[in-house]
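Q: At position 241 of the sequence shown the residue is numbered 249 (the working numbering), and the sequence of numbers has no breaks.
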Amino acid sequence: MSASETKPWADGPLKLIPSSKLGYPNDKHPDVHWLAFDMLPAHNYILRTINAIYLQAINVGEAGPDVIKSFLAYCRVWHHVLDDHHKTEEEVIFPKIEAAIGEEGYMSKALTQHEELHPGLEAFGDYVKNLEKKEEEYDGKKLREIIDSFAPILARHLEDEIDLLIGLREDKVDWKKVNAEVTNMLNGKLKEANVTTVALPFIVTGHDKTFDNTFFTHWPPVPWIVISVLRFLFFGTNKDWWQFAPCDGYMVPKELPYA
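1. Per DSSP, which residues does C83 bridge with? Please list them.
2. Out of I105, P73, S236, which has the shortest C-alpha to C-alpha gap to A44?
3. Once DSSP output is grouped into helix, strand and coil, what is the label at P49?
4. Tell me where the alpha helix (DSSP H) around V212 begins and ends.
5. Contact criterion: CB-CB distance below 7 Å. Does T225 meet it with respect to chain C?
6. Expressed to the nearest angstrom, what Euclidean distance is found between the alpha-carbon atoms of G133 and K180?
7. Is the beta carbon of D39 less than 7 Å from the beta carbon of K184?
8. In or out: Y258 buried (at least 16 other Cβ within 10 Å) or exposed?
9. Can you list, in chain order, the residues of its chain with a C-beta nearer than 6 Å to that of P160? Leave out the 5 residues immediately preceding and following it.
10. Just mark L22 as buried or exposed, buried being the case when its beta carbon has 16 or more other beta carbons within 10 Å.
11. Under 7 Å between the Cβ atoms of V136 and R84?
12. With a Cβ-Cβ cutoff of 7 Å, do E263 and A81 count as a contact?
13. Identify whether P269 lies in helix, strand or coil by the three-state DSSP scheme.
14. I'd like to know if the stretch 143-153 and the stretch 65-72 are in contact, where contact means that at least 3 CB-CB pairs between them fall below 8 Å.
15. Unbroken alpha helix (DSSP H) runs of length 4 or more, entirely within the stretch 76-158: which are they?
16. Out of K29, T14, E97, P261, point me to the one whose CA is closest to H215's CA.
17. Would you tell me roughly how many angstroms separate the C-alpha atoms of P209 and P231, rounded to the nearest one?
18. Kindly indicate which residue of A253, H93, Y114 has the alpha-carbon position closest to the one of V212.
19. Locate the alpha helix (DSSP H) running through R239, then write down its first and last residues.
20. Taking V237 as the reference, which of D46, W249, D220, T204 has the closest Cα?
21. Given this structure, state the Cα-to-Cα distance separating F242 from H122, to the nearest angstrom.
22. In whole angstroms, give me the CA-to-CA distance for N192 and T14.
23. How would you label H226, buried or exposed, when you count the other beta carbons within 10 angstroms and need 16 or more for buried?
24. Consider the C-beta atom of E200 and the heavy atoms of the ligand GDP; say whether any pair is separated by less than 6 Å.
25. If you compare alpha carbons, which of V206, F219, I233 is closest to T245?
26. Measure the CB-CB distance between S27 and F240 and report whether it falls below 7 Å.
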């Protein structure tokens with residue numbers, strides 16, 4: 009099923025970051041800008057998935073307890089994946105960048121924005137947790153209001169961070185080595201608990217490989233055979249969660265059922 013022509017889709021209300029932001033006509037780029045090229049589609053799946061949550065929050069409330077339960081699980085995964093994304097940046101990627109260029113504090117703007125986002129993201133996570141514990145009644149309007157409290161900061165941050173990464177220069181840095189270290193670390197995460205049944209399906213179904221004329225067809229940076237095997241073995245485990253995703257398991261846009 010393709011994205012509906014009548015229902016809203018996950019390219020809004022928060023605008024996606026265009027590939028033109030990178031300043032290249034295609035996906036050919038020097039090693040120094042590999043991080044920017046990897047991060048832009050990552051930031052866009054974060055935007056698409058929170059857009060999908062926002063657009064479906066109201067109608068989900070009328071769909072019954074089973075649908076609400078699955079939707080809350082999807083919201084919980086969004087919060088967890090973003091939290092893990094920020095921790096990985098703060099603990100691994102940003103320090104590697106600053107050590108490589110010899111400029112402590114280069115990524116400080118991104119870190120400050122992480123701190124600005126924290127209250128709103130914490131409120132989102134707490135509300136979802138309370139709902140899953142049945143300590144509160146589901147209210148799609150309230151969920152939207154919480155998202156509205158941090159959405160502008162999130163959108164600005166995700167775009168500003170790309171500016172920082174595309175601003176990196178060759179200098180005398182062995183960017184091929186830096187990129188390989190980051191890639192090895194990310195691939196190592198495939199061995200962590202719940203990645204194959206939760207995080208990776210969430211990321212794959214949040215990525216649109218048709219975006220900007222297939223500019224990011226070969227993302228995420230995981231061997232295609234690995235994704236194919238994992239799709240076959242594990243993506244069905246929590247399939248009721250992925251019904252709310254903006255794309256299918258093959259990274260093609262689909263209709264949002266409750267938009």
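Backbone N, C-alpha and C define an ideal beta-carbon position, used for all residues, glycine too.
A: Per the coordinate set shown:
1. BP columns for C83 are empty, so no partner.
2. The option with the nearest alpha carbon to A44 is I105.
3. Three-state result, P49: helix.
4. In this chain, the alpha helix (DSSP H) harbouring V212 covers 208-212.
5. Going by chain labels, chain C is absent from the structure shown, which holds only one protein chain.
6. 42 Å
7. yes
8. exposed
9. none
10. buried
11. yes
12. no
13. The structure shown has nothing for residue 269, since the chain only spans 9 to 267.
14. yes
15. With a minimum length of 4 residues, the continuous alpha helix (DSSP H) runs that stay inside the stretch 76-158 are 102-109, 116-140.
16. Taking only the C-alpha atoms, the option nearest H215 is P261.
17. 15 Å
18. A253
19. 232-242
20. T204
21. 32 Å
22. In this structure, the straight-line span from the alpha carbon of N192 to that of T14 is close to 42 Å.
23. exposed
24. In the structure on display, the ligand GDP does not appear, and there are no ligands present to speak of.
25. Looking at the Cα atoms, V206 is the closest of the given residues.
26. Not in contact: S27 and F240 (Cβ atoms no closer than 7 Å).
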